Structures are given as structure tokens and as C-alpha cells.
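Quick note, the sequence shown lines up with residues 1 to 494 if you use the UniProt record's numbering.
Just so it is clear, CB atoms sit at the ideal spot from N, CA and C, and this is done for glycine as well.
If you're wondering where the values come from, they're calculated on a predicted model, not measured in any experiment.
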Amino acid sequence: MSKQDEFFKPVGESVQEIAAENEPVAEASGVGSDGVRPTGAADAEGHPVQEIESLCMNCHENGTTRLLLTSIPYFREVVLMSFECPHCGFKNSEIQSASQIQEKGSRYMLKIEQKDDYNRQVIKSETAACRFNELDIEIPPKRGQLTTVEGLLSEMIQDLESDQPVRKHVDEALYEQIEQFIAKVTSYIKCEPGTTPLTFTLDDPAGNSWIEYKPGEPAHKWSHTEYVRSDEDNVQVGLITRDQLEQRREEQRAKIADKQRNESEAKKQTFLSDATDIENFNNEVQTFRASCPSCLQEVETHMKPVNIPHFKEVIIMSTVCDHCGYKSNEVKTGGAIPAQGRKVTLYCDDPADLSRDILKSETCSMTIPELHLDIQEGTLGGRFTTLEGLLRQVCEELETRVFTQTSDSMDAETKARWESFFSKLKDAADGKVKFTVIMTDPLAGSYIQNVYAPDPDPNMTIEDFERTKEQNDDLGLGGIQTQQTNHQTKEQTV
């Protein structure tokens, strides 16, 4: 049995088995050799609660910390902790993730439009930061919590109110400002007129946080985006130290300087290429060394250009890190940025449509109205697969990252909606239902195979559209001039 299986018992372990294991220790001295004493209590699944004598940071006397090491079904291992000091009455509780850090960070967004939205469950790890945009409030990373959206705001109000009596005598002007702020937050919690919608975002570089999702709700209300951690994020989650980051940056600067020096020397030489070099580039897998975005160690990235018939050339990239286990498979579209975005709509009325090749870029959003499925930009990253494969990947991602995280605490109605949603999604992947796929890509880098090519597909429509100013700004195209002005053209003509 591994250490993980030993401490984090799987669900289904009987209470009698755990009690039998703890009985000899309790009869002998009541305390194990590691200082941990079983309490005899257990949770609903039979996991034992243990006690450890620890120092109270409030009065510096000894208090008691209770630990519950458990594994949430289909989610990951967590540690529930509760501290209580009998001398000063200080209490504290928190939740910590005991599983590995995820490959990418996660960013969640929730539009709070009614009172019921404040009851959404939130898993906030110790590395996650929360923000309420309209209130201009940001809760920095601190202890892990299993709470609700309202619980986050209520806890913040309690912290502010605890110091108000002293603040009133020290700085009355500041006291009045905080009172007004508390009243404003309270009005938002009560959903008074003019306080909705409220945008709540949860950003966790470790990827171990979550906001409850309800199937069938519109895409603008809830979204989840994964992103590659930056160097600062890796320091925050503890993958590397600040000293290691600085050392790594020094090494990168030295490599860049060597590369520039080598390129300068190469320009002095004459280089002749022929058609064979181009053929080899297109037919062979190219490998180059890069830095792992997770641990910053050197890894090999494999790249191969692939020409998709009747579309364009794409680049398939694969990275595997032998040091930390990071894996990444991405598809990048080649060529210039098109002047317009593209919307592709396919009506799937035959099981054979599920075998069509599909390319979904990172900037593409996908909607299937019949299944109440909305995939936002950035979700799943770039994928080149079949339509069936994409549906099964979506189903697997939602089951492991969304539904099962709070399946034990869901009410019967919510669980029934989830089960109905997954049933329809699986039926669609098996070709049992007809549905419509709508892919909208502002960079026109997504594609669904036309099996009638070069003739038009009767079940597919392709529409080009002008990008909005917001889309250009999000894509970093707002400050790029792609066309010459009339004045410049006249000057060149003269």
C-alpha cells in the first residue's frame, strides 16, 4: 500500500475496519508514536478524525488541532483542519488540497444576477485570489476554504466590523468610510435594486479551486479558463523558490546573449538552401529545446507542420517534461492574421458526422444549443481531433473538474440536472441524437471537415464577420495597423 492510500483512505472503507485499526493504540496510551491521537470519531464515509496538540498563535498556550484526511469522490485528496484553544477561545478552520498541483492554472468567472447565486459553493485554495469587480474588492490568497460566495463577503464584513469600535476613537473619518463600505456590501448581498449583476472571479495558479456550475445556464454567467503559469505564479504555488527563479533568469539571459552572438556570426556566412531542405522540414518532426512552464527545467518540444486540405497549414506541438511530469499538446494555426473572424455551423443528423475532423483553436468558442453546452474561449486549449473525440473530452473534463467536486453535497434536483446533461452529451457522442455545432473564432483559425469538398456541404454554413473592438483588444490587435492609409498610398504612388 502506498503512502497516499495509507493516509487518504478510499471511499467505501468501513467504520468497523478503522475502529479495529485504532483500538490497540487507544488502549495502550491513547497517543501514537507520531503524536497523533485518534478521537474515535469519523465522518460519513468512515474516515477517522485525529487530534494533535499544537501551539495557539493568539495566546501562545497549547490548543488542539483536529485533522480529517479524506478523498473527495472523483475530485482529489483534501485535508480538513480545525483548531480550538481552551484558554482564550480562539478557533480556526480551513481546507487544504493534498493532491498534486495541476498542469495549468484556473480562472473562474461568475455573474451574480440573483439572490440564489450567492449560495454557490466555492472551493478556494490557499493560493487563490478572489475579486468582486463592481465592488472593487480583492481577497488575496490566504487559508483554504470550503464556503459560498456570500460566505466570502460575510467573513470580510466580520473582519472589518471587529475593529470598528477602536477605529471610531482613533480615526472617525476612516470609521465612517468603512461603515459606508460595509453598508454597500450588505446591500449587494441582499440583492437590493441596482446591485446586480456583480462579477465574481476566482484565479488560482495551482488549479485546485472551483466555483459551482449549474447545467444549462447561459455562457455569459459562468466560465472556466485554463492558463499556463508564469514564473511568478510558480514561485507563489511553491514549485520553485525566488532564488531559483533569479538563477534561471540569469541563465536565460546568458543563453539569449549567446544566441544573438551566434546569429550575428551566421549572417556573415553565405547559406544556400534547396527544395530538399523544405521537403524535410514538412515531412519530419522538428525538435527544439525550451523551458518547462511548470518547473522551468529544459524540455524537448516536438513540432510538425500539417497541411489540412481545403483549409490551411497548422502546427502540432507536443511537450513532455521528465522532471515534473508536465504535458502539453497544442495546435497552432499558421499564416497571417485574417482580416475577419469566422463562424462555422454544422448540423449533425448522421452518426457518420461524428468522424469528421475538427480543429478548435484557443480563441474559438463552441456552442451546441440542443445539449445546452457552451465552451468558452481558452477552454480545452487548441485541439485537433474528431467531433466524437471532442465531445468525449468535454464530457470527461466536466465530470472530473466540475460535477464530481461537490456531488456529495448536491441536492436531488441539481444532481438530476447534471445526470440528464451528461446522458444527452453521451448520447450525442454515440450518434443517438441530432444536434448543431456552432464554432465562433475571431481569428478564423478553427475548422470542421467538409466531406463533400470541393463542393459545398449542405449541412454546413460558413460566415465571415467583422471583429468587435473588444475582440481586437483581447487578441492584442487593437494597436496594430494592418492596412495603409489613403495618404500613405498617395505618397507611394507619387
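Would you call residue i buried or exposed, if buried means 16 or more other Cβ atoms sit within 10 Å of its Cβ?
i, result
"Y452", "exposed"
"I337", "exposed"
"T199", "exposed"
"M57", "exposed"
"F132", "buried"
"D171", "exposed"
"F465", "exposed"
"A429", "buried"
"V331", "buried"
"R261", "exposed"
"R229", "buried"
"residue 549", "With the chain covering 1 to 494 only, the question about residue 549 has no answer from this structure."
"D448", "Residue 448 is actually Ile in this sequence, not Asp. Label assigned to I448: buried."
Does DSSP put residue i in a helix, in a strand, or in coil?
i, result
"V79", "strand"
"Y188", "helix"
"A290", "strand"
"I123", "strand"
"K343", "strand"
"L475", "coil"
"K111", "strand"
"N262", "helix"
"I178", "helix"
"L153", "helix"
"V394", "helix"
"N234", "helix"
"I240", "coil"
"Q252", "helix"
"Y447", "strand"
"L296", "coil"
"D350", "coil"
"K221", "coil"
"E103", "coil"
"Y118", "helix"
"L371", "helix"
"L387", "helix"
"D455", "coil"
"T363", "coil"
"L68", "strand"
"E212", "coil"
"E399", "helix"
"E84", "strand"
Once the 5 residues before and after residue i are set aside, which same chain residues still bring their CB inside 6 Å of it?
i, result
"E370", "F435"
"Y347", "T436 and N459"
"residue 495", "No answer is possible for residue 495: it lies beyond the span of the chain, which begins at 1 and ends at 494."
"D457", "N450"
"I438", "T345 and T367"
"R342", "D441, A444 and D464"
Taking the alpha helix (DSSP H) that residue i belongs to, which residues open and close that run?
i, result
"R167", "Q164 to V170"
"K360", "Per DSSP, K360 belongs to no alpha helix (DSSP H); it is in the beta strand (DSSP E), D357 to K360."
"T414", "A412 to A429"
Excluding sequence positions up to five away, which residues of its chain have a Cβ less than 8 Å from the Cβ of residue i?
i, result
"Q102", "A206, G207 and N208"
"V235", "T241, R242 and L245"
"F288", "E300, T301 and M303"
"R248", "D231, I240, S291 and L296"
"T414", "K214"
"M410", "W418"
"S93", "L80, M81, S82 and F83"
State the start and end residues of the unbroken beta strand (DSSP E) segment that holds residue i.
i, result
"residue 495", "The shown model of the chain, from 1 to 494, leaves out residue 495, and the question about it has no answer."
"Q145", "Q145 to T148"
"A129", "A129 to F132"
"T196", "Careful: T196 lies outside any beta strand (DSSP E) and carries neither H nor E."
"T319", "E313 to V320"
"M439", "F435 to D441"
"T468", "Counting along the chain, T468 falls outside any beta strand (DSSP E), and DSSP gives it neither H nor E."
"K327", "K327 to T333"
"I139", "I137 to I139"
If we define contact as Cβ-Cβ less than 7 Å, is residue i a contact residue for chain C?
i, result
"T147", "The structure shown has no chain C; it contains just one protein chain."
Excluding five sequence neighbours on each side, which residues of the same chain lie with their C-beta closer than 7 Å to the C-beta of residue i?
i, result
"T127", "P141, D204, P205, A206, Q236 and V237"
"I123", "L146, S209, W210 and Q405"
"D427", "V433"
"D159", "none"
"I182", "I157, L160 and E161"
Spell out a yes or no on whether the segment 184-199 and the segment 120-138 are touching, meaning 3 or more CB-CB pairs, one atom from each, closer than 8 Å.
yes
Cβ contact (3+ pairs, closer than 8 Å) linking the segment 358-369 and the segment 377-397:
yes
Would you call the segment 78-88 and the segment 108-121 touching, i.e. three or more CB-CB distances under 8 Å?
no
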